[in-house]
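Enquirer: Here you go, one structure.
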Amino acid sequence: MESSCQGCGLWFHSLCDCLKNPKWCTVTSAAIKQNDPPIWVLLSQPGARENLTTTNMRVSGILDTYEKPKFFDAGWAFSQSVYKPQDQALAMNSVRVRTHEQIHTHICRRNDDMYDKFASEHIKNYNSVNLTRLDGDPELFCLAVQNGGIVPNFSSALGRFFEAHPHTCKERIGAGILQDKYKNTWACATNSSSGPLGKFCHHYS
Numbered sequence: 335m336e337s338s339c340q341g342c343g344l345w346f347h348s349l350c351d352c353l354k355n356p357k358w359c360t361v362t363s364a365a366i367k368q369n370d371p372p373i374w375v376l377l378s379q380p381g382a383r384e385n386l387t388t389t390n391m392r393v394s395g396i397l398d399t400y401e402k403p404k405f406f407d408a409g410w411a412f413s414q415s416v417y418k419p420q421d422q423a424l425a426m427n428s429v430r431v432r433t434h435e436q437i438h439t440h441i442c443r444r445n446d447d448m449y450d451k452f453a454s455e456h457i458k459n460y461n462s463v464n465l466t467r468l469d470g471d472p473e474l475f476c477l478a479v480q481n482g483g484i485v486p487n488f489s490s491a492l493g494r495f496f497e498a499h500p501h502t503c504k505e506r507i508g509a510g511i512l513q514d515k516y517k518n519t520w521a522c523a524t525n526s527s528s529g530p531l532g533k534f535c536h537h538y539s
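Quick note, in my numbering, the sequence shown goes up one by one and the last residue is 539.
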């Protein structure tokens, strides 16, 4: 659990540090003022193992995102605009494995095993808005976009996944994005007790 940050009243201390030291972060707004609409932020603090994206809206995690799909669709779009798809991936932890009570997406070195696995998968319907189970991994439910495109409305797709699987243990569901060697961008829900980092990120695999 994170405690409130002295001087700025934000729950996630890395976000507080970022906003106090703007050279460490990139934001979706030129200026941040009290009572302004929430924004998305790239956290890139010196010495950190990996960068993160988050928001100054107080929200715990992935299960809260489909209540405001447009805002969180924008969050996934922001994350895709600041990572390097040629060697990085994105991952958002499930409730079961997360270590902070503030939503954030990891920008990590990609897991090359998953990179190869995606390249061998066959998607019948590119640019679908719905997540479907992968043949090669029953813990992954994915959609794919061709030609190096970003995945639009990923939070909305996750919301439809939750609605379509009402008996799934929602606390196990994480999410990740990775681009394969054919420049297909894969966006997936993960249904795993260990979360998405081991599937999408090299140093967690």
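Even for Gly, the Cβ is constructed at its ideal location relative to N, Cα and C.
Suppose you measure from the CA of Ser454 to the CA of Asp447; what does that come to, to the nearest Å?
Expert: 11 Å
Enquirer: Let me confirm a value: Tyr417 is counted as buried when at least 16 other C-beta atoms fall within 10 Å, else exposed. Which label applies?
Expert: buried
Enquirer: Would you identify the three-state DSSP class for Ile396, choosing helix, strand or coil?
Expert: helix
Enquirer: With DSSP run on the structure shown, which of helix, strand or coil describes Ala382?
Expert: Looking at Ala382 - three-state DSSP - the assignment turns out to be coil, as it is neither helix nor strand.
Enquirer: Does Ala382 pass the burial test, meaning 16 or more other C-beta atoms within 10 Å, or should it be called exposed?
Expert: exposed
Enquirer: Going by DSSP in three states, Met448 sits in which element: helix, strand or coil?
Expert: helix
Enquirer: For chain C, find out if any of its Cβ atoms is closer than 8 Å to the Cβ of His438; answer yes or no.
Expert: Note that chain C does not occur in the displayed structure, where there is just one protein chain.
Enquirer: Can you tell which of Lys354, Gly508, Lys515 has its C-alpha closest to the C-alpha of Ser527?
Expert: Gly508
Enquirer: Measure the C-alpha to C-alpha separation of Asp328 and Lys533 and round it to an integer number of angstroms.
Expert: Outside the displayed span of the chain (335 to 539) sits residue 328, for which this structure offers no information.
Enquirer: Does the distance from the C-beta atom of Gly395 to that of Arg432 stay below 8 Å?
Expert: yes
Enquirer: In the DSSP output, which residue or residues are listed as bridge partners for Cys350?
Expert: According to DSSP, which records beta bridges pairwise, Cys350 is partnered with nothing at all.
Enquirer: Taking just the CA atoms, how far does Gln480 sit from Ser428?
Expert: 27 Å
Enquirer: Assess contact between the region 419-428 and the region 494-514, defined as three or more Cβ pairs (one per stretch) separated by less than 8 Å. Is contact present?
Expert: yes
Enquirer: Just how far apart, CA to CA, sit Leu397 and His499?
Expert: 13 Å
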